[in-house]
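Since the structure comes first, as structure tokens, the remarks are kept for the end.
Protein chains: 2
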Amino acid sequence: MTQATTIHAYAALEAGGKLEAFSYEADELAAHQVEIDVNHCGVCHSDLSMLDNEWGFSNYPLVAGHEVVGRVAAVGSAVSKVKPGDSVGLGWHAGYCGDCFSCDTGDQNLCAAAQPTIVGHHGGFANKVRADDTAVARIPEGIDLQTAGPLLCAGITVFNPLLQFDVKSSDKVAVIGVGGLGHLAVQFLKAWGCEVTAFTSSDTKRKEALELGAHHTLNSRDEKEIEAAAGSFDFVLSTVNVKLDWNLYINTLKPKGRLHFVGATLEPLDLSLFSMLLTQRSVSSSPVGSPASIEQMFEFALQHNIKPQVEVYPMQQVNEAIAHLKEGKAKYRIVLSNN
Amino acid sequence: MTQATTIHAYAALEAGGKLEAFSYEADELAAHQVEIDVNHCGVCHSDLSMLDNEWGFSNYPLVAGHEVVGRVAAVGSAVSKVKPGDSVGLGWHAGYCGDCFSCDTGDQNLCAAAQPTIVGHHGGFANKVRADDTAVARIPEGIDLQTAGPLLCAGITVFNPLLQFDVKSSDKVAVIGVGGLGHLAVQFLKAWGCEVTAFTSSDTKRKEALELGAHHTLNSRDEKEIEAAAGSFDFVLSTVNVKLDWNLYINTLKPKGRLHFVGATLEPLDLSLFSMLLTQRSVSSSPVGSPASIEQMFEFALQHNIKPQVEVYPMQQVNEAIAHLKEGKAKYRIVLSNN
Numbered sequence: 481m482t483q484a485t486t487i488h489a490y491a492a493l494e495a496g497g498k499l500e501a502f503s504y505e506a507d508e509l510a511a512h513q514v515e516i517d518v519n520h521c522g523v524c525h526s527d528l529s530m531l532d533n534e535w536g537f538s539n540y541p542l543v544a545g546h547e548v549v550g551r552v553a554a555v556g557s558a559v560s561k562v563k564p565g566d567s568v569g570l571g572w573h574a575g576y577c578g579d580c581f582s583c584d585t586g587d588q589n590l591c592a593a594a595q596p597t598i599v600g601h602h603g604g605f606a607n608k609v610r611a612d613d614t615a616v617a618r619i620p621e622g623i624d625l626q627t628a629g630p631l632l633c634a635g636i637t638v639f640n641p642l643l644q645f646d647v648k649s650s651d652k653v654a655v656i657g658v659g660g661l662g663h664l665a666v667q668f669l670k671a672w673g674c675e676v677t678a679f680t681s682s683d684t685k686r687k688e689a690l691e692l693g694a695h696h697t698l699n700s701r702d703e704k705e706i707e708a709a710a711g712s713f714d715f716v717l718s719t720v721n722v723k724l725d726w727n728l729y730i731n732t733l734k735p736k737g738r739l740h741f742v743g744a745t746l747e748p749l750d751l752s753l754f755s756m757l758l759t760q761r762s763v764s765s766s767p768v769g770s771p772a773s774i775e776q777m778f779e780f781a782l783q784h785n786i787k788p789q790v791e792v793y794p795m796q797q798v799n800e801a802i803a804h805l806k807e808g809k810a811k812y813r814i815v816l817s818n819n
Numbered sequence: 481m482t483q484a485t486t487i488h489a490y491a492a493l494e495a496g497g498k499l500e501a502f503s504y505e506a507d508e509l510a511a512h513q514v515e516i517d518v519n520h521c522g523v524c525h526s527d528l529s530m531l532d533n534e535w536g537f538s539n540y541p542l543v544a545g546h547e548v549v550g551r552v553a554a555v556g557s558a559v560s561k562v563k564p565g566d567s568v569g570l571g572w573h574a575g576y577c578g579d580c581f582s583c584d585t586g587d588q589n590l591c592a593a594a595q596p597t598i599v600g601h602h603g604g605f606a607n608k609v610r611a612d613d614t615a616v617a618r619i620p621e622g623i624d625l626q627t628a629g630p631l632l633c634a635g636i637t638v639f640n641p642l643l644q645f646d647v648k649s650s651d652k653v654a655v656i657g658v659g660g661l662g663h664l665a666v667q668f669l670k671a672w673g674c675e676v677t678a679f680t681s682s683d684t685k686r687k688e689a690l691e692l693g694a695h696h697t698l699n700s701r702d703e704k705e706i707e708a709a710a711g712s713f714d715f716v717l718s719t720v721n722v723k724l725d726w727n728l729y730i731n732t733l734k735p736k737g738r739l740h741f742v743g744a745t746l747e748p749l750d751l752s753l754f755s756m757l758l759t760q761r762s763v764s765s766s767p768v769g770s771p772a773s774i775e776q777m778f779e780f781a782l783q784h785n786i787k788p789q790v791e792v793y794p795m796q797q798v799n800e801a802i803a804h805l806k807e808g809k810a811k812y813r814i815v816l817s818n819n
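Here it is, written out as structure tokens:
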């Protein structure tokens with residue numbers, strides 16, 4: 481059960497390089513480690529950022545892939561959470577310190593010493609991947625494994641804020657951007673019971689947002705339309721990674737409303753304090769969620785039949801899949817399959 | 481009880497003009513109105529802003545004063561909340577629409593149609609002032625009326641966030657700025673049970689902050705000292721009205737921490753999203769509180785012997801008082817007295 485293994489992966493050997501077949505030796509499993517047979521692995525924008533060393537801390541060979549769905553192949557001697565054959569998922573984190581306040585209070589995703597799955601660790605563009613048991617999420621029976629991968633990063637990124645900030649079913653909410661994250665946010669918020677407005681600048685995506693469950697759409701590039709929505713929302717979730725006129729969006733919030741960012745923009749937010757002060761508004765941001773919140777998400781997705789819309793590529797076509805994503809053509813997420 | 485009255489006040493007749501004796505006729509009291517005999521009235525920076533038309537919506541003659549402490553002189557026919565002789569306070573708001581979601585849910589301070597005490601309404605630099613019963617706060621016996629005025633604006637502005645954002649006694653908190661608002665924030669947070677750090681650039685104020693109950697002080701102008709406090713606080717309350725390096729302060733927050741602004745800065749906040757994203761931090765702001773929260777504040781202040789530090793001037797010396805405040809010499813708040 482715990483023997484050393486050769487893992488067959490696809491790795492970039494240098495920044496921006498094409499992925500190549502790459503094998504590495506994995507030692508005997510440590511007591512708390514889990515080895516996962518990768519069935520499917522989503523391709524996320526942050527995989528591309530790491531492969532291209534956009535953030536400056538990539539090491540090569542680099543095996544990306546952090547939206548892993550598979551079955552437990554083997555477990556270390558101290559693992560009781562899962563057993564071989566169980567369906568599991570692995571997301572952005574492959575381990576936590578287990579000893580800080582965030583870990584102790586169920587916010588492992590905020591652990592400052594968390595081990596990212598694809599930073600200094602080999603990820604899921606492979607036949608197998610390893611992780612600490614604490615980072616592995618159990619996938620309930622009934623979840624469609626082929627489409628589930630993107631829930632592990634895109635999904636939990638938009639689902640976790642609903643838990644963290646106590647979004648209520650009676651809330652009026654909006655999602656900025658209908659893409660990989662946004663198309664899941666619309667589905668989650670609809671199922672949450674909220675009245676959902678989707679902001680998008682694309683006519684095609686407006687139509688799709690309505691099909692996904694949005695009750696209304698607004699043009700994210702039309703100032704007048706946004707101004708007319710002043711004071712409308714309890715919660716606005718931004719999933720875009722471009723700079724918009726955030727003060728305009730803050731003004732769409734009701735008193736005590738929250739503008740929450742899960743899309744990362746590098747430009748400063750440039751917020752006018754007065755648009756927040758008189759109405760007690762908040763602005764916030766968050767990363768992925770804890771393993772427990774990932775498991776809650778799976779239960780909720782199962783109950784409400786929420787699925788990422790994916791395009792599936794065989795794992796061997798990882799380079800084609802990446803090119804497709806880079807071209808902005810993915811609808812809405814890409815999954816690599818070992819099956 | 482409800483007859484018309486001549487009210488003797490001090491008014492500016494033009495922007496920046498000295499205040500002059502000014503009388504006006506008040507009609508018969510409306511059903512829900514309360515007439516207050518002003519005993520004391522605090523002088524707040526926003527009085528100066530209104531007197532000088534800094535915000536562009538002042539009308540003259542303008543009677544400022546919105547930190548009123550006094551006794552009920554008369555009540556309208558429908559008033560049951562207070563009776564003549566009761567000790568009451570009046571803050572930034574003299575009335576609310578009574579009919580919006582914020583009013584209905586106890587957040588009258590966020591009512592978009594609230595009537596400010598000194599905007600299109602004559603305030604408390606006078607022998608009497610009138611207000612709707614809903615806006616009047618009852619002052620419990622035992623509160624020192626001479627020093628209580630500043631609680632009605634400065635006090636509630638720093639106290640209300642503790643209620644609104646569920647600040648816990650076990651929280652580590654910081655107050656940026658030890659002035660009119662900050663010296664009250666330090667006292668409230670100490671009494672709340674928190675470990676309190678005061679940020680100030682003044683050596684004198686450092687010493688005073690410790691006397692007021694702060695456990696620690698840090699130099700608000702010393703980058704290295706602030707950097708060394710990274711990850712320390714659950715809640716940071718900014719009471720200053722100048723631009724600081726907010727990203728530096730956001731980094732003093734723990735995961736899930738909140739930087740809350742009650743001091744108003746006109747310059748954009750310039751926030752880096754990444755300083756918020758990885759650690760799920762929030763930034764927010766709020767105005768004064770509801771009448772019910774003002775009454776909670778009075779009970780809390782009484783229980784914990786919290787008092788504004790004030791300098792008292794006779795009402796007739798309102799111009800001298802204003803000049804003293806403008807020179808930045810007030811320690812920490814000024815109160816005008818009719819006694």
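Heads up: the sequence lines are chains Y and S, in that order.
Numbered according to the numbering used here, the first sequence terminates at residue 819, and the numbering increases by one at each position without gaps.
Numbered according to the numbering used here, the second sequence terminates at residue 819, and the numbering increases by one at each position without gaps.
C-beta atoms are modelled at their ideal positions from N, C-alpha and C, and glycine is treated no differently.
Supposed contact pair residue j and residue i - C-beta distance, whole angstroms, cut 8 Å
i       : j       : result
H546(S) : G575(S) : In fact, because the Cβ distance is near 13 Å, the residues do not count as touching under 8 Å.
I636(S) : M777(S) : 6 Å
S700(Y) : T684(Y) : Not confirmed; about 14 Å, so no contact.
L724(Y) : E707(Y) : 13 Å between Cβ atoms; not a contact.
T677(Y) : L664(Y) : Actually they are not in contact, since the Cβ atoms of T677(Y) and L664(Y) sit about 16 Å apart, beyond 8 Å.
L751(S) : P641(S) : Wrong, their Cβ atoms sit about 18 Å apart, outside the cutoff.
V768(S) : T627(S) : 19 Å between Cβ atoms; not a contact.
L632(Y) : L749(S) : Wrong, their Cβ atoms sit about 33 Å apart, outside the cutoff.
V599(Y) : I516(Y) : V599(Y) to I516(Y), Cβ: 18 Å. No contact.
V792(Y) : S817(Y) : 5 Å
V549(S) : L625(S) : 5 Å
A689(Y) : V647(Y) : Not quite, the Cβ-Cβ distance comes to about 18 Å (not below 8 Å), so this is no contact.
Three-way DSSP call (helix, strand, coil) for residue i in this model
i       : result
A708(Y) : helix
I598(S) : coil
E675(Y) : strand
R821(Y) : This structure gives no information on residue 821(Y), because the portion of chain Y shown stretches from 481 to 819.
R738(Y) : strand
P771(Y) : helix
N727(S) : helix
A654(Y) : strand
I802(Y) : helix
A665(S) : helix
L757(Y) : helix
D587(S) : coil
T719(S) : coil
H681(S) : The question names His, but residue 681(S) is Ser in the sequence shown. Here S681(S) sits in coil by DSSP.
A489(S) : strand
L478(S) : Because chain S here runs from 481 to 819, residue 478(S) falls outside it and cannot be looked at.
L698(Y) : strand
S582(S) : helix
E747(Y) : coil
E791(S) : strand
Candidates the options, of which the one nearest residue i by Cα
i       : options                               : result
K806(S) : K704(S), S529(S) and F780(S)          : S529(S)
A558(Y) : D584(Y), H520(Y), H525(Y) and Q513(Y) : Q513(Y)
G497(Y) : T627(Y), V549(Y), T486(Y) and E534(Y) : E534(Y)
G809(Y) : C577(Y), G660(Y) and A554(Y)          : Residue identity differs from the one stated: residue 809(Y) is Lys in this sequence, not Gly. When each option's Cα is compared against that of K809(Y), the closest is G660(Y).
P564(S) : D579(S), D613(S) and G522(S)          : D613(S)
A510(S) : V555(S), H520(S) and Y504(S)          : V555(S)
S770(S) : H573(S), F581(S) and L531(S)          : H573(S)
Q644(S) : R610(S), T585(S) and N721(S)          : T585(S)
Q789(Y) : G629(Y), A671(Y), A694(Y) and F713(Y) : G629(Y)
| task | Pair every Cβ in the segment 534-543 of chain Y with every Cβ in the segment 481-491 of chain Y, then say whether three or more of these pairs are closer than 8 Å. | result | Note that the segment 534-543 of chain Y touches the segment 481-491 of chain Y; at least 3 beta-carbon pairs, one per stretch, sit closer than 8 Å.
message: Ignoring anything shorter than 4 residues, give me the alpha helix (DSSP H) runs that lie fully in the segment 606-647 of chain S, in order along the chain.
response: 625-628 and 634-644
Quick one: complete alpha helix (DSSP H) runs, 4+ long, within the segment 492-579 of chain S?
Counting only runs of 4 or more, we get 525-531.
Segment contact, 8 Å Cβ cut-off, at least three pairs: the segment 603-617 of chain Y with the segment 731-748 of chain Y: no
Would the segment 725-735 of chain S and the segment 760-768 of chain S be scored as touching if the rule is three or more Cβ pairs under 8 Å?
-> yes
Does the count of Cβ pairs from the segment 516-531 of chain Y and the segment 602-611 of chain Y closer than 8 Å reach three? yes
| said: Pairs of beta-carbons, one from the segment 590-598 of chain Y and one from the segment 648-656 of chain Y, closer than 8 Å: are there three or more? | reply: no
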